[in-house]
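These notes are about the structure you will find just below.
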Amino acid sequence: MHNVLLFIAELYAQLPHVAVYGKLLVDSFKRLLSIGGNENVKCICQALKLTGYSLEKSNKNDLDEVFEQLENIKNAVGGNVTTLLNTVINLRYSNWGHSGDSTDSEYEIDNHVYEGVTNTVFYQPDGNVLTNEESEFIASYMHSNEEYARNVRDI
Numbered sequence: 009m010h011n012v013l014l015f016i017a018e019l020y021a022q023l024p025h026v027a028v029y030g031k032l033l034v035d036s037f038k039r040l041l042s043i044g045g046n047e048n049v050k051c052i053c054q055a056l057k058l059t060g061y062s063l064e065k066s067n068k069n070d071l072d073e074v075f076e077q078l079e080n081i082k083n084a085v086g087g088n089v090t091t092l093l094n095t096v097i098n099l100r101y102s103n104w105g106h107s108g109d110s111t112d113s114e115y116e117i118d119n120h121v122y123e124g125v126t127n128t129v130f131y132q133p134d135g136n137v138l139t140n141e142e143s144e145f146i147a148s149y150m151h152s153n154e155e156y157a158r159n160v161r162d163i
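If you want our numbering, it's the 1-based position in the sequence shown plus 8.
If you want it as structure tokens, here you go:
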């Protein structure tokens, strides 16, 4: 189910936002939360990093419910999942990395958020953590902070 959820999240992030995908994502988040476990929370957080900003606009009430449940289980998860969960919660509080007066460009990111992004745990498509060395290697070949943040999100 994790791979299917992440695939749907990729579709939602890359294609025009069809309401049915947003609803499907939120319903999947709720189902995984009802099952529990670190791997399910990790999958939800990975999907939210991809889709949170868009879901915030189109499914805010449902997303509020998901985050309420995530806040309730925050102390029950461990390891890297705790870090990832806190990162996603903080990302939501910072408007998903978008400034308040920004346009709808999904790639706008202010310097404050970028600094947080460089200290964030990123995951590869196979679910493995992107190491600091890999992040630094990618950053050394990028021409701008925006390009770095955009490409790290795509990994």
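From the three backbone atoms N, C-alpha and C, an ideal C-beta is built for every residue, glycine too.
- Rounded to the nearest angstrom, the gap between the Cα atoms of Tyr29 and Asn69 is 16 Å.
- Gly135 is positioned such that its CB atom lies no closer than 9 Å to that of Arg100.
- If you keep only unbroken alpha helix (DSSP H) runs of at least 4 residues inside the segment 22 to 105, you get 27 to 43, 46 to 66, 68 to 81, 88 to 101.
- Inclusion of Lys38 and Val96 in the CB contact set at 9 Å is not warranted, their separation being larger than that value.
- Straight-line spacing of the CA atoms in Leu92 and Cys51 works out to 10 Å.
- Of the candidates Glu141, His10, Ser102, Glu142, the residue whose Cα lies closest to the Cα of Glu47 is His10.
- Closest by C-alpha distance to Ile43, out of Gln54, Glu18, Leu78, is Leu78.
- Among the bridge pairs identified by DSSP, Val12 is matched with none.
- One thing to note: Ala21 has its Cβ no nearer than 9 Å to the Cβ of Ser36.
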